[in-house]
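Student: Structure in structure tokens, see below.
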Amino acid sequence: MTIVRTFHQSRYRDLKTYYIHVIYRYFTNEFPELVTRGCSSSCNVS
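Last residue of the sequence shown: 1139 in my numbering, with the numbers rising by one and none dropped.
Okay, structure coming up:
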């Protein structure tokens, strides 16, 4: 819910760019299980 709220308050037009520039860079301590960019195509999601 936090990610959705901050995305809508930002000026980014798409969630992917917002995720890469803001969430992945600044919120890794708050969300320790974030998916990295390199893992998105090779990880097995259960």
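Note that the Cβ used here is the ideal one computed from N, Cα and C, for glycine as well. Please read all numbers here as calculations on a predicted model, not as lab measurements.
Return the CA-CA distance between GLU1126 and ARG1104, expressed in angstroms with no decimal places.
Tutor: Roughly 25 Å between the two C-alpha positions.
Student: State yes or no: is the C-beta of TYR1111 within less than 8 Å of the C-beta of PHE1100?
Tutor: Result yes, Cβ atoms of TYR1111 and PHE1100 sit closer than 8 Å.
Student: Consult DSSP for TYR1117 and reduce its assignment to one of helix, strand or coil.
Tutor: In this structure, TYR1117 counts as helix in the three-state DSSP scheme.
Student: For VAL1097, which three-state DSSP category applies?
Tutor: In this structure, VAL1097 counts as helix in the three-state DSSP scheme.
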